[in-house]
Structure formats: C-alpha cells, structure tokens
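> The listed protein sequences correspond, in order, to chains D and V.
Residue 1 is where the first sequence starts when you use UniProt numbering, and the numbers rise one by one after that.
Residue 1 is where the second sequence starts when you use UniProt numbering, and the numbers rise one by one after that.
Protein chains: 2
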Amino acid sequence: MSKGLPKRSEDYSLWYNELVKRADLAENSAVRGCMVIKPYGFSIWEKMQAELDRMFKETGHTNAYFPLFIPKSYLSKEASHVEGFAKECAVVTHYRLKNSDDGKSVIVDPDAKLEEELIVRPTSETVIWSTYKNWVQSYRDLPLLINQWANVVRWEMRTRLFLRTAEFLWQEGHTAHATAEEAVEETVQMMNIYAQFAEEFMALPVVKGIKTESERFAGAVETYCIEAMMQDGKALQAGTSHFLGQNFAKAFDVKFATKEGGLDYVWGTSWGVSTRLMGALIMAHSDDNGLVLPPKLAPFQVVIVPIYKGDEELALVSEKANEIMAELRKVGVSVKFDNRDTHKPGWKFAEYELKGVPVRIAIGPRDLANNTIEIARRDTLTKEQFDLSTQPIAEKISSLLEIIQNDIYNSALSFRNEKTTEVNSWEEFKDVLENKGGFISAHWDGTPETEDKIKELTKATIRCIPIHHEEEEGKCVYSGKPSSKRVLFAKSY
Amino acid sequence: MSKGLPKRSEDYSLWYNELVKRADLAENSAVRGCMVIKPYGFSIWEKMQAELDRMFKETGHTNAYFPLFIPKSYLSKEASHVEGFAKECAVVTHYRLKNSDDGKSVIVDPDAKLEEELIVRPTSETVIWSTYKNWVQSYRDLPLLINQWANVVRWEMRTRLFLRTAEFLWQEGHTAHATAEEAVEETVQMMNIYAQFAEEFMALPVVKGIKTESERFAGAVETYCIEAMMQDGKALQAGTSHFLGQNFAKAFDVKFATKEGGLDYVWGTSWGVSTRLMGALIMAHSDDNGLVLPPKLAPFQVVIVPIYKGDEELALVSEKANEIMAELRKVGVSVKFDNRDTHKPGWKFAEYELKGVPVRIAIGPRDLANNTIEIARRDTLTKEQFDLSTQPIAEKISSLLEIIQNDIYNSALSFRNEKTTEVNSWEEFKDVLENKGGFISAHWDGTPETEDKIKELTKATIRCIPIHHEEEEGKCVYSGKPSSKRVLFAKSY
Chain D
1 MSKGLPKRSE
11 DYSLWYNELV
21 KRADLAENSA
31 VRGCMVIKPY
41 GFSIWEKMQA
51 ELDRMFKETG
61 HTNAYFPLFI
71 PKSYLSKEAS
81 HVEGFAKECA
91 VVTHYRLKNS
101 DDGKSVIVDP
111 DAKLEEELIV
121 RPTSETVIWS
131 TYKNWVQSYR
141 DLPLLINQWA
151 NVVRWEMRTR
161 LFLRTAEFLW
171 QEGHTAHATA
181 EEAVEETVQM
191 MNIYAQFAEE
201 FMALPVVKGI
211 KTESERFAGA
221 VETYCIEAMM
231 QDGKALQAGT
241 SHFLGQNFAK
251 AFDVKFATKE
261 GGLDYVWGTS
271 WGVSTRLMGA
281 LIMAHSDDNG
291 LVLPPKLAPF
301 QVVIVPIYKG
311 DEELALVSEK
321 ANEIMAELRK
331 VGVSVKFDNR
341 DTHKPGWKFA
351 EYELKGVPVR
361 IAIGPRDLAN
371 NTIEIARRDT
381 LTKEQFDLST
391 QPIAEKISSL
401 LEIIQNDIYN
411 SALSFRNEKT
421 TEVNSWEEFK
431 DVLENKGGFI
441 SAHWDGTPET
451 EDKIKELTKA
461 TIRCIPIHHE
471 EEEGKCVYSG
481 KPSSKRVLFA
491 KSY
Chain V
1 MSKGLPKRSE
11 DYSLWYNELV
21 KRADLAENSA
31 VRGCMVIKPY
41 GFSIWEKMQA
51 ELDRMFKETG
61 HTNAYFPLFI
71 PKSYLSKEAS
81 HVEGFAKECA
91 VVTHYRLKNS
101 DDGKSVIVDP
111 DAKLEEELIV
121 RPTSETVIWS
131 TYKNWVQSYR
141 DLPLLINQWA
151 NVVRWEMRTR
161 LFLRTAEFLW
171 QEGHTAHATA
181 EEAVEETVQM
191 MNIYAQFAEE
201 FMALPVVKGI
211 KTESERFAGA
221 VETYCIEAMM
231 QDGKALQAGT
241 SHFLGQNFAK
251 AFDVKFATKE
261 GGLDYVWGTS
271 WGVSTRLMGA
281 LIMAHSDDNG
291 LVLPPKLAPF
301 QVVIVPIYKG
311 DEELALVSEK
321 ANEIMAELRK
331 VGVSVKFDNR
341 DTHKPGWKFA
351 EYELKGVPVR
361 IAIGPRDLAN
371 NTIEIARRDT
381 LTKEQFDLST
391 QPIAEKISSL
401 LEIIQNDIYN
411 SALSFRNEKT
421 TEVNSWEEFK
431 DVLENKGGFI
441 SAHWDGTPET
451 EDKIKELTKA
461 TIRCIPIHHE
471 EEEGKCVYSG
481 KPSSKRVLFA
491 KSY
C-alpha cells in the first residue's frame, strides 16, 4: 500500500475517487466516461445481483434479454421520453471500418452507412414495448413480469466512477398489466423490494417516496424512489420504480382483449437499480482508512493473517488457520487465508482495512501457546483477544458478523436522523442547508415554480415526497402558500 | 399450440427457425440481426451461465467488467486482429440527437461528432490488454485470471437466431502469464472445461482439437476448440480457447519484471463461449415434436398435468400433485404444476413436448384410486404407469432424470460415431460428403492451399486437428502428399 487516503473532512470528493481506485473497485478506461470494474469491485456487484435477482424471482419475475440497439425513430414515439434521453445518446451510424489509403490506420467506411441510425440503449422501454406488442393479445397473456440485466449508455458530460458513468450496468424490470391498480401495486412492490435490499444487505437506511413532476422519469405517470444519505449529508437516489400508465402502450399500440370483451391499452411499469449502488455503498459507510463493507456483501467476510518467523512457525500457525477456516466455511462464512510471504503482517492489515474486510483474524506463536486468536473488526477498528476454549469459533464469528451488519446499519441510521431537520422558515432553510446540510423536511406549495426557484437559489432539490409522512397543515417554506405535507429537500448526487 | 413443426427430414433449417420461435426461446427484433431472448430461452442460458461460472471460479478465475466501447485506433494495434474484425464493426460516431427542423422527428446532431470514433466491442482483447498494461509490473502480479460476461457485436450480413446474430451474449476470459508454458496450460485447461461442460450438462459429445492457421482467431498463435455434430451432420464450433503468445502484450506494451530480474512481455490467452451454445443444444437433441432438453439445463425438469372433470376432482388431484411436488423439491428436482383451467390436458401435453420438459406426470381420478401416476419421458416419447407404493417418487424421478441425461448424451454420441467416416481417397471423400455427410476423418498435407481447394470444391472445411488422434503415416486425400495425422473435415455452421 502506498500513502494514506485523503481525509473525508478535507476533501470528500477526492477521498471517494481515491478510495474507489485504491481499494481496487474500479478505474477510468481510455474511453471517456466508461469505467473498468475491477475484480474486487465486481465481486461486490455480483453479490448485489444475486440477492436482487432472488428477490425478483421470488415475486414472480423472470429474466430475458432485449437488443442493445434501438432504431432512432423508436425513441421519438413517446414524446416526453425522447425529450429526456435524446441529448445523451451514443449513435451508431456505420457498420464497417476499412484501411486508410496510406494503409497505416483504419477509417470508417463511408459505404457502410446505416439506413436508419441506431442508438445504444439508454433504457429499454421503447424496444421492449415494441416487442410486447406481439406478445400481448388477451388478458390471459397478462401480466408480463420481465427483468433484464444489461449495460446501458447515457453520454454524460461530467462523470464519476460508479455515480455517473457513460456506460453502466443495471437491471431494468418492465411489466405489463391489465389494470392501473395492478400496475401501481407492482410499482410500489418494487420500490419496497429495493428498500428492503438497501436496508438488509447494504445496511443503508432509505426514505421511500414519490418524485415531483420535474424529477419524474421521462415517460412515467409517477416515479417512486428510495433516497439515501451519504456521509457528506448529500442525498443519493438509490433506485426508482415507475408507473408508466398507458403511455408506452399507446406509443407502441399494445392493446389487449379484456375479460369483459372490450379492447384496452395495457398498463405498464419499469424499475431499475444500477452500479450506482456501488457508489452509495462506498460513500455511506467507509472511513479515512478505507472501505467498510457490510458482511452480507463483502467478497470475503474474514481474512486470516499469520504472524510468524520462519517455516516452522508458519506451519504451526497454518495448521490452526486451516482448522478455523474449515469451521467457518461449514457455517457459510467466506474466509481467505493470506499466507503470502511477499508481504509483512502490517502491510496486510492496512491492505484489508483499505478493502473493508469485515473481520480480521491474526494468529501468532503466542496465540498457539495460549489457544487464543486476535479478532479485529473493520467497522469499529477494535480488537479483542479471543480464547478459543470459551465458545466455538464458528458461533463467535457468525454472531459477530451479524452484530457488524446491524451496527453499520444503525450507525448510518443515527447519522441520517441527526442530519435530518424539520424547518419552518426560509431563513432556517438556508441556515440549515449551509451550516448543517443533510435532509431538510419542509412544507412546499406543490408548484414547479417554487421548486425551481429553491433549486436556483440553494442547489437543493426535492428528493421526494416521503410516503411515511403524515398529512400536516403548514405553509410553504419559500412562498408561504398553504401546504398539506412536508417534502424532503437536499443537495444530491 | 398452432399446427405442427416442419419436419427435420424435409427442411432442417426451417424446422430449426420455427422451433426456436414456437418454443419461446428467441425471436428477431426490429433491428436487423439482433435477437430478443425470451424468458424460457433465457432461463436455459442462465443455467448454462451458472455452471460455467462455477467452473471458472473453481479454477481460480474472477469476473470483472470492461467497457462496451473501444477507440477505433486500438483495434489496429494488433495487425491480424484488425483484419479479422474491422469489416464487421458497429461504429459510434455521434453522442447526441436533436429535433429535426419540422419538429416531427429526431436527427443526429452534427455538432455532436466524436473526435475519435468508437467501435462496439466485437471481442475485448484490445481494451483489456490496454488495461492490463497498468495492472502488471512484476511477476508477482501474474497470473491475471479474469473473465467477463458481456454482450458483443459483429455486424454479420446473414444472421440466424442464436447461431449467428449481430449482437450476442458470451463470456470472454482473458488471462496473462509469466511463461508461455503456463499460458498454453491455461488454454488447454479452458478447452477441457468447455468440453466437460458440453458433455456433462448439454449432453453434447465434442471433439477437442486445434484449428488450422486459416481458421485461427485473429491475433492468436494457436486456437483450441471443441466441435460438435448437429443432427443434419454439420459441425458446430461450440467453444474456442486461444493461446495469444505475446502478440497483444507487444501491441499494448505489457511488460513485467521477471523473477530473474529481467524484463519480458506477458503471455496471454483468451477463451469464450456464447449464446451460440443455445443453437447447438437445440439442434443436437430436438425432434419433430419440439425441443428435447437435457434435465441438467431444463428450466423445469418435471411438469405435472392434472386430468379432471369439475372442481371436486381437481381438488383431489391437486392434493396428490402437491404431495409429489413437495417430495421432488426436497431432493432438488424442479417441478411445475400446470393447473390452468384455460387449456385442456391434450393441449398442455403438446405444449410441454414442444418446450422439451424432460418428464411429464399426469394424474387423474383413476390414478388416485389405484395409487398410480402416469410418467412420460420427453426424449423417448414413452409412457409408463407408475405404482407409487413400489418406490419413493423422489427416488424414482431423480434416477429417471439421470437416465434421461445419459441417454440423450449416448444417443448423440452414437449418432456422431455413426456419422464419422475415415476416408482414404478423394473419390471416397466426395462420395461420403455428398451421400452421408457428417465428419470425415482424412489425411491432409498441412498446406492452406489444399485446405482452400477442398473448401472451394466441396464447402467442407477442416474443423480441427483432433487432439486424441494418434500419429499415423498416410497421404493427403486431395494432393497425395505425405501426412502424419488425420484431421476432421465437415460442412459447418
């Protein structure tokens, strides 16, 4: 390991960028805005995928795969959709290269121009609804409950690893239903699944809510979302679920014969989470020493580092390490034994701190004599000498991993609670935003004009209208007009 | 179900196309050459992925993700690589659309032209080796054993679902090693893993071999492959593993400090299988009634169809079905109970035959009285009345699934053996190829000229130089020149 990370308190943004690179999560590629997800980072994403995929399947969804390319004309079939995406589309115009005249390079072959340009999918509603048209004739064909895991491209001008990249990985669910009620129910169900995933696996508390019109997905009737708070007090949208009404069914003429003998347009939803979740995971829990990973998503949960001089001691320590590994694996704990002789224990300690391995076990000759091991927690950076005769090691570590998972969640929750402020005047709003940051719960008059004005003046946006908020009489914090519910303001990623 | 499939004996190609569509495996999309993989087809692919991924990880590989886009200039860094791929590359030239002047459509924004065009990856050697340059300094950084699951694009002029599509899904392994020996060992290991996967899971016997120079991967020193025989006697290349020598290391300047204190270029391999395997699976085993799936890759292995009149009978039959399902699931057999009242049993029987479900269980009121069920095998289309008191049902079905898996493999193996012919003269070669088809084992003088000539005259190509073939003195079947080993000729997909 080279020198330490930048400190969060000094430069949060630099700290994040450096951490992502040094912990071997991702790096920039030669193509502007496109990232390489490195093996360690990708194995966290794989764990996220596995849990989400299980949750989708348990609620009746199946996976499929739709084309990467979308004919340009498809995009414009849904008016607000094209407006939302046209400005950031990678466009394929040719299908062949050829040698340059001097033979030294390749150039685009002008004779290989496509009749209609193709865009690389920024999201797949259009290509999927054009397919659904042929799959749906009758109410018997509904619901369609389909998800795909895919790469998508949005040509962003300012990019950051995981948080905003030109290409990213995601899943996009696209469902079709016979009634509006059923589609809304699906939309809400998926928001709840995302929230459950964030809280149970990412140890990330989230606020469930509804987006205002101006923050809504291009083509949706209503957008549900989950919003999380990062350690700098900024909000990060961690997942969205859209009720599409009949918008895409109308754009692509997807009708079905109803049970009652009529003909109606199908009701749709779409919902997605992306590799952006990696950014949320990193920024929510990590510290100035490196990553802090919740045990449920750590590529390995325990690392064993041997402390030894010479081969004889190594052999004895290894024997004990192997015993412990076997016990841990039996109960499903993932564990790595780092017996490389190319690096010293201190170097390894720092390395696994940087990489956020939840539990580190160190074993030296004195431990062998005393039947002890040293157990260190990554989240709290605390250590204990553990007497192996007092409790089976598998039991000890399993319960410790559960404690860590809960503690990380609770610590993020306390932080968010502490950084969420109810304000009732414009002065207070500006003061809290400037001096404390975090989420601001305030009344809003419900107009896009006020929303825009507040954004213009403070850079804070309405993250969502929280679902759990009670109705409450009040006055808009900016305009003073009447309001019946508080909404959540914050600066955001 | 609509009318029956075309017959294999009458039009094998049409039979294949229709089967893929009617069994809900895949269909063509609006974008030429790009397919939609439907949920039933995709769930077979997911099973393939899961097994392959497990095998890769068990041999020390990890997954990562590299960008979809490759700068055009990267492609030309390896001379033979660019020659192999430049003619079939989708090229991204712009990054934005805008409204047309009449406001009725969107057009490509001429102001949003990329400085350097990007190609959509046809394979990722170039972008990955440009990344490896920064990951490898010393022998301690080697080997790199990395795989990615991704979509790739090759702009093929003539496409067929699964077999040859403009976009397809695959995995591509890219490894880097300190020595040529180690890299060759890796190349051979991966060919062996592909062969094991094909035989154990796809029930598909394959010939392992080496490609001739003209069939080699663009940029490789040696290409290893597995070749399978389809029911029309044609060969299908089911997986390739390439020893890249130092070609890409030299093209991207990837050097490492050796253990001995020197500086050397890294040795590379790459290997891949794709959704083409779906085509192989379908064409190898299926019949005029529909798909025949090996139990290890079937989305569900058993379907239970109730035979009943009225709700009372359905309730009784359902009770028995639920009991059986519970028993089967306990031992890991996947099972579906189709109690839809919208379709008759005969319709369901045909539907599951078409979809290749390995075992069908039918239960009617008479069965309840006799404590029996009807068990039908998809592969042999045979039925038996099974007395539930004679053997636990879970044991019966588990062992039947094993038998089916083996029988499908053995049947494909017998077919291949029967259709593989050793020939020793040019007359015989032409006669066998024309009248019998299949694989022809023959001597070849080792020259590309003879290989080309034979291809030109007969459309047969050298599928591989089989690894299991013994050295044997002989004369080239075409030129009469001396040869020391037989090679395998066939027409191919």
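For each residue, glycine too, the CB sits at the ideal point set by N, CA and C.
Chain V partners of I146 (chain D), CB-CB under 8 Å?
Within 8 Å Cβ-Cβ: P39.
> If you measure between the beta carbons of Y194 (chain V) and G245 (chain V), is that distance less than 8 Å?
No; because the gap between Cβ atoms is not below 8 Å, this pair is not in contact.
> Let's see if you can read the secondary structure: which residues bound the beta strand (DSSP E) around H285 (chain D)?
Element bounds for H285 (chain D): not the beta strand (DSSP E) but the alpha helix (DSSP H), 276-285.
> How is K255 (chain D) classed by DSSP in three states: helix, strand or coil?
Note: K255 (chain D) maps to strand in three-state DSSP.
> Could you name the residues of the same chain whose beta carbon sits closer than 6 Å to that of A150 (chain V), not counting the 5 residues immediately before and after it, in chain order?
Result list for A150 (chain V): empty, nothing under 6 Å.
> When you measure from the CB of E200 (chain V) to every non-hydrogen atom of the ligand SAH, does any distance come out below 7 Å?
The model on display carries no ligand, and the ligand SAH is accordingly not part of it.
> Taking C-beta to C-beta, are G272 (chain D) and W170 (chain D) nearer than 8 Å?
Yes, the pair counts as a contact, with Cβ atoms nearer than the cut-off.
> Spatial neighbours of T258 (chain V) within its chain, please: CB distance less than 6 Å, with the 5 preceding and 5 following residues excluded, ordered by chain position.
Result list for T258 (chain V): Y139, D264, in chain order.
> Which residue marks the beginning of the alpha helix (DSSP H) containing R360 (chain V), and which one marks its end?
Looking at the DSSP string, R360 (chain V) is not in any alpha helix (DSSP H); the run it does join, the beta strand (DSSP E), is 359-363.
> Is DSSP giving Y132 (chain V) helix, strand or coil here?
Here Y132 (chain V) sits in helix by DSSP.
> Please name the residue, chosen from V:K250, V:E58, V:N322, that lies closest to H81 (chain V) on a Cα-to-Cα basis.
When each option's Cα is compared against that of H81 (chain V), the closest is V:K250.
> In angstroms, rounded to a whole number, what distance separates the CA positions of Q405 (chain D) and A203 (chain D)?
For Q405 (chain D) and A203 (chain D), the distance between alpha carbons rounds to 7 Å.
> Quick check on R416 (chain V): does DSSP put it in helix, strand or coil?
In the structure shown, R416 (chain V) sits in a helix (DSSP, three-state: H, G or I).
> Could you give the C-beta distance for A176 (chain D) and V31 (chain D), rounded to a whole number, given that I count them as a contact under 8 Å?
Contact doesn't hold; Cβ gap of about 35 Å is too wide.
> In terms of residues, what are the limits of the alpha helix (DSSP H) holding H81 (chain D)?
79-85 is the span of the alpha helix (DSSP H), which, as asked, contains H81 (chain D).
> Using a Cβ-Cβ cut-off of 6 Å (strictly less than) and excluding sequence neighbours within five positions of G41 (chain D), which residues of its own chain qualify?
If we look at G41 (chain D) and ignore the five residues flanking it on each side, its Cβ neighbours are L25, A26.
> Indicate the three-state DSSP secondary structure (helix, strand or coil) for A238 (chain V) in the structure shown.
Strand, per DSSP.
> Of all the CB atoms in chain V, is at least one closer than 8 Å to the CB of N247 (chain D)?
Chain V, which has no Cβ nearer than 8 Å to the Cβ of N247 (chain D), makes this no.
> In terms of alpha-carbon separation, which member of V:F349, V:A235, V:S334, V:Y65 lies closest to T420 (chain V)?
If we check each option's Cα against that of T420 (chain V), V:A235 comes out closest.
> Give a yes or no on whether 8 Å exceeds the smallest Cβ distance from P306 (chain D) to chain V.
P306 (chain D) does not count as touching chain V.
> Nearest-angstrom Cα distance between K208 (chain V) and C464 (chain V)?
Roughly 8 Å between the two C-alpha positions.
> Going by DSSP in three states, F162 (chain D) sits in which element: helix, strand or coil?
Three-state DSSP puts F162 (chain D) in coil, outside helix and strand.
> DSSP beta-bridge partners for H468 (chain D)?
The partner list for H468 (chain D) (beta bridge, DSSP) is empty, contrary to what the question assumes.
> Output the boundary residues of the beta strand (DSSP E) element that contains M229 (chain V).
Per DSSP, M229 (chain V) belongs to the beta strand (DSSP E) from 222-229.
> Find the nearest neighbour of S286 (chain V) within the set V:A362, V:Y409, V:E418, judged by alpha-carbon distance.
Closest option to S286 (chain V), Cα to Cα, is V:Y409.
> Does the Cβ of S2 (chain D) have 16 or more other Cβ atoms within 10 Å, making it buried, or fewer, making it exposed?
Residue placement at S2 (chain D) cannot be trusted, given a pLDDT of 49 that sits under 50; the coordinates are not used to answer.
> Is the shortest distance between the beta-carbon of M1 (chain V) and the beta-carbons of chain D less than 8 Å?
Note on M1 (chain V): pLDDT 44, under 50, position unreliable in the model; no value is reported.
> Identify whether K336 (chain V) lies in helix, strand or coil by the three-state DSSP scheme.
Note: K336 (chain V) maps to strand in three-state DSSP.
> Please list, in chain order, the chain V residues whose beta carbon lies closer than 7 Å to that of A90 (chain D).
Under the 7 Å cutoff, chain V gives V92, Y95.
> Could you pull out every residue in the same chain whose Cβ sits closer than 8 Å to the Cβ of E327 (chain V), ignoring the five residues on either side in sequence?
For E327 (chain V), where only same-chain residues beyond five positions count, the Cβ hits under 8 Å are P392, I393, A394.
> Which residue comes first and which comes last in the alpha helix (DSSP H) that contains R22 (chain D)?
Its alpha helix (DSSP H) spans residues 12-22.
> According to DSSP, is Q189 (chain V) helix, strand or coil?
Correct three-state label for Q189 (chain V): helix.
> Assign L204 (chain D) to one of three DSSP states: helix, strand, or coil.
It is coil, neither helix nor strand.
> Does A180 (chain D) come out as helix, strand or coil in the three-state DSSP assignment?
Three-state result, A180 (chain D): helix.
> Can the beta-carbon of I363 (chain V) be found closer than 8 Å to that of I307 (chain V)?
Their beta carbons are under 8 Å apart, which means I363 (chain V) touches I307 (chain V) by this criterion.
> Within its chain, find whatever has a CB closer than 7 Å to the CB of L163 (chain D); leave out the 5 residues flanking it on each side and keep chain order.
Excluding positions up to five away in sequence, the list reads R276, G279, Y493.
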